[in-house]
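Chemist: Following the UniProt record's numbering, the numbering of the sequence shown begins with 1 at its first residue and continues without gaps. Glycine residues also receive a C-beta, built at the ideal position from the N, C-alpha and C atoms. Bear in mind the structure is a predicted one, so any value in this text is a computation, not a measurement.
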Amino acid sequence: MPDPRYQVDVSVATRYLPEQSQPEQNRFAFAYTVTIVNSGELSAKLLSRHWLITDGDGRVQEVRGAGVVGQQPLIEPGDSHTYSSGTLIATHVGTMQGSYQMLAEDGKRFDADIAPFRLAVPGSLH
1 MPDPRYQVDV
11 SVATRYLPEQ
21 SQPEQNRFAF
31 AYTVTIVNSG
41 ELSAKLLSRH
51 WLITDGDGRV
61 QEVRGAGVVG
71 QQPLIEPGDS
81 HTYSSGTLIA
91 THVGTMQGSY
101 QMLAEDGKRF
111 DADIAPFRLA
121 VPGSLH
């Protein structure tokens, strides 16, 4: 059973960006807005991110880096942090998943998992 002190929930909303995409060049742009909720009992700082971005042909991009959009937010219990970013893939459909590496106020490091979510050009899924 997960430790209730270290509970972070992540939700994601995506949208296709036709104005930044070039389908004829296999370039599909997507924006995603992430909401990170600290459902735990301790403050937690987001240290880094790890993403796996998979296109419809099974090609995987791995992205690691400090923080999110240049920030390492400290999220208090019951509070949330929301940010938006984007990605490019070479197919109409793909998925993203990953984790955030967190540091609780008591010094414990833990991962907040990001469940797989779909990137899809509207009308491309039947």
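(1) Output the distance between the C-alpha atoms of histidine 92 and alanine 120, rounded to the nearest integer angstrom.
(2) On the CB-based measure, 16 or more other CB atoms within 10 Å of its CB, does leucine 46 come out buried or exposed?
(3) Using the Cα positions of alanine 90 and alanine 115, report the straight-line distance between them to the nearest angstrom.
(4) Within 10 angstroms of its Cβ, does methionine 1 collect 16 or more other Cβ (buried), or is it exposed?
(5) Taking just the CA atoms, how far does glutamine 61 sit from isoleucine 36?
(6) If you draw a straight line from the alpha carbon of residue 135 to that of proline 4, how long is it in whole angstroms?
(7) Could you tell me the boundaries of the beta strand (DSSP E) in which glutamine 61 lies?
(8) What did DSSP end up calling proline 73 once you bin it into helix, strand or coil?
(9) Give the range of the beta strand (DSSP E) segment to which residue 130 is assigned.
(10) With a threshold of 16 other CB atoms inside 10 Å of the CB of valine 69, please say whether the residue is buried or exposed.
(11) Under 6 Å Cβ to Cβ from isoleucine 53, same chain only, skipping five residues before and after it: list those, please.
(12) Roughly how many angstroms lie between the CA atoms of serine 43 and aspartate 111, to the nearest whole one?
Modeler: Result, derived from the coordinates:
(1) Annotation: histidine 92 to alanine 120 spans about 6 Å, alpha carbon to alpha carbon.
(2) Buried.
(3) Those two C-alpha atoms are separated by around 21 Å.
(4) Exposed is the call here.
(5) One C-alpha to the other measures close to 22 Å.
(6) Look at the range of the chain in this structure, 1 to 126, and you will see that residue 135 is not part of it.
(7) That run of the beta strand (DSSP E) goes 60 to 66.
(8) DSSP, read as helix, strand or coil, puts proline 73 in coil.
(9) Nothing can be reported for residue 130: it is not among the residues displayed for the chain, which extend from 1 to 126.
(10) Result: exposed.
(11) Cβ neighbours of isoleucine 53 beyond the five flanking positions: Gln61, Thr87 and Met96.
(12) Looking at the two C-alpha atoms, the distance is approximately 14 Å.
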